[in-house]
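J.:
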Amino acid sequence: MRYISTRGEAPALGFEDVLLTGLATDGGLYVPESLPHFSLEEIRSWRGLPYAELAYKVMYPFVEDAIPADDFRKMLDETYSVFTHQAVAPLVQLDTNEWVMELFRGPTLAFKDFALQLLGRLLDYVLEKRNQHVVIMGATSGDTGSAAIEGCRRCEHVDIFILHPHQRVSEVQRRQMTTVQGDNIHNIAVKGNFDDCQRMVKDSFGNQSFLGGKTQLAAVNSINWARIMAQIVYYFQASLALGGPDRSMAFSVPTGNFGDIFAGYLAKKMGLPISQLVIATNRNDILHRFMSGNKYEQHQLEHTLSPSMDIMVSSNFERLLFDLHGRDGAAVKDLLERAAKGPVSIEDYRWKHARKLFDSDAVDDKTTCDTIREIYEQNEYLLDPHTAIGVRAARNCRRDSAVPMITLGTAHPAKFPDAIAESGLSVKPELPAHMADLFEREERYTVLDNNVSEVQGFIAKHWKNA
Ligand SMILES: *Cc1c(COP(=O)(O)O)cnc(C)c1O
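Just so you know, we're using the numbering used here here: the sequence shown kicks off at 910 and counts up by one.
(1) If Phe1145 and Leu1181 are in contact, beta carbons under 8 angstroms, what's the gap, nearest whole angstrom?
(2) Cα separation between Pro1294 and Glu1011?
(3) By the three-class DSSP mapping on this structure, what secondary structure does Asp935 have?
(4) CA-CA distance, Lys1373 and Lys1178?
(5) Need the endpoints of the beta strand (DSSP E) that Thr993 sits in, please.
(6) Can you tell me the Cβ-Cβ gap for Gly1153 and Ser914, rounded? I've got them flagged as a contact below 8 angstroms.
(7) DSSP state of Gln1287, grouped into three classes?
(8) Is there contact between the region 1339-1350 and the region 1036-1044, where contact requires at least three CB pairs shorter than 8 angstroms?
(9) Could you say if the region 1203-1221 and the region 1287-1303 meet the contact criterion of at least three C-beta pairs nearer than 8 angstroms?
(10) Could you have a look at His1197 and say whether DSSP puts it in helix, strand or coil?
(11) Shortest alpha-carbon distance to Gly1251 belongs to which of Glu1352, Thr1280, Asp1243?
(12) Residues in the same chain with beta-carbon distance under 6 angstroms from Pro1313, minus the five sequence neighbours each way, listed in chain order, please.
(13) Below 8 angstroms on the Cβ atoms is my contact criterion, and I expect Ala1189 with Ala1302 to pass it. Report the Cβ-Cβ distance as a whole number of Å.
(14) Name the DSSP beta bridge partners of Phe1348, please?
(15) Please list the terminal residues of the continuous alpha helix (DSSP H) segment that includes Gln1207.
(16) Using 8 angstroms as the threshold, is the region 982-999 in touch with the region 1008-1022, meaning 3 or more CB pairs across them?
(17) I'd like the span of the alpha helix (DSSP H) that includes Glu1246, first residue to last.
(18) According to DSSP, is Pro970 helix, strand or coil?
(19) Counting pairs of beta carbons, one from the region 1357-1366 and one from the region 1094-1111, are three or more of them closer than 8 angstroms?
(20) Quick check on this structure: which residue in Leu1230, Ala1135, Val1162 has the alpha carbon closest to the alpha carbon of His1262?
(21) Near Asn1305, what residues of its chain come up, given a Cβ to Cβ distance below 6 angstroms and the 5 sequence neighbours on each side ignored?
(22) Residues in its own chain within less than 6 angstroms of Ala975 by CB, not counting five upstream and five downstream?
(23) Rounded to the nearest angstrom, what separates Leu938 and Arg1062 at their Cα positions?
(24) Once you ignore the five residues that flank Tyr1034 on each side, which residues in its own chain have a CB closer than 8 angstroms to its CB?
(25) Among Leu1032, Phe1199, Thr1049, which one has its Cα closest to the Cα of Ala1248?
(26) Phe1070 by DSSP, collapsed to three states: which one?
(27) Measuring from the CB of Ile1170, is there a heavy atom of ligand 3 at a distance below 7 angstroms?
(28) Does DSSP put Asn1360 in a helix, in a strand, or in coil?
(29) Tell me which residue opens and which closes the beta strand (DSSP E) that Leu1126 is part of.
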């Protein structure tokens, strides 16, 4: 399997190099040159497989040039055994034909564990084989940082530095990062905001000379193809559990950077019968505005009760635009260069095609809270604010009540107690047993000034072989 850039100029790469690369050298994102396609008969034969086995069937075509089958199977067994539910991604029923797929049974209680638990193992495997080392540098406003740290804590060949804005992340989220102990784990609290952190990461990827040529940076945000790949699996899992592939399914996906829902689109292209995909956004609704009016335009960032979906642009949307433009990299490059400067539209027939693939909805904070309260009153089931947006959008956009509607449950409600309180409920979401002592654990992090040379100096000094 070869991987090509959405902007058409960077060289094609194999899986190992794609894993270790962030953006392509032309500024694009890597996608597979072609997708595997599974027949209904083949998908049907996967019914009843344990999650890790199903993951092997779905993902192996993407990695087969780089990893022997037995090694990959072993890696997947380890990855999904850390989840605290036997089914790994269990389904909970909300109504007659309506479901939530709980993707928050991993170590950090959000769906990002599905990909980052695997990514850490993949990185270590490939680096061991190549006798190489990488420094992971990332900025986080919440869920990504903790999932990346948990995913890499046992990696021998990786040091990880996560920047968060000092005193601007929630206490649960900060503690999930800073209480993980390990010589290769470094939390940096930057005296600035999230954008400052992100800019430092971007500048550092652009010029890595501060590392003295002795190691290189690797990316763990969802521009990394391996993250998307791991998220394709649970669409198959949900479908098989509810009678697929002999009936089609509808999915509603709380969306920020368009990674999770793009994985659903790929599952459909790989042969899984999916009749509806709903893009669910909060007030940061660039995708909903595009789907409704064919205008892709950045607005100012709004802070909402669903912070993991607070974005101005959706980086993975570029991967869809590439397909919508018949995989013409030059056209995508032109479009996105114009989009960086002002609003853009695409040709009408391409936009109409996008509207056939996706429905969309935007949900504000008040409606998010109403939905949390409503579902609790109906079912005594507590949604986190991100999942609540998915459930609301699912109900608003539903086309056929005979088709099972599955909302991706992206986080555990205990991660976002403020939203639960704001919804007027008096219940307090409890942290699961394995995290019950989070507030007693020892924290470790370094506060640094909002200054890129200071941060780079810290990294240069503290990675393992520095
Ligand atoms: C990251 C995240 C999202 C958004 O996922 P994308 O792949 O960026 O669209 C939604 N909900 C939660 C809880 C998240 O952590």
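Glycine residues also receive a C-beta, built at the ideal position from the N, C-alpha and C atoms.
Note that the structure is a prediction, hence the values are computed from the model and not measured.
T.: So, from the listed chains and residues:
(1) 6 angstroms
(2) 14 angstroms
(3) coil
(4) 42 angstroms
(5) First-last for Thr993: undefined, no H or E at that position.
(6) At roughly 33 angstroms, the Cβ-Cβ gap does not stay under 8 angstroms, so Gly1153 and Ser914 are not in contact.
(7) helix
(8) no
(9) yes
(10) helix
(11) Asp1243
(12) Asn1006, Leu1151, Met1158
(13) 3 angstroms
(14) DSSP lists no partner for Phe1348.
(15) Gln1207 -> no alpha helix (DSSP H), and no H or E assigned at all.
(16) yes
(17) 1238-1248
(18) helix
(19) yes
(20) Leu1230
(21) Asp1270
(22) Phe924, Glu925
(23) 26 angstroms
(24) Ile976, Asp980, Met984
(25) Phe1199
(26) strand
(27) Ligand 3 is not among the ligands present in this structure, which contains only ligand 1.
(28) coil
(29) 1125-1127
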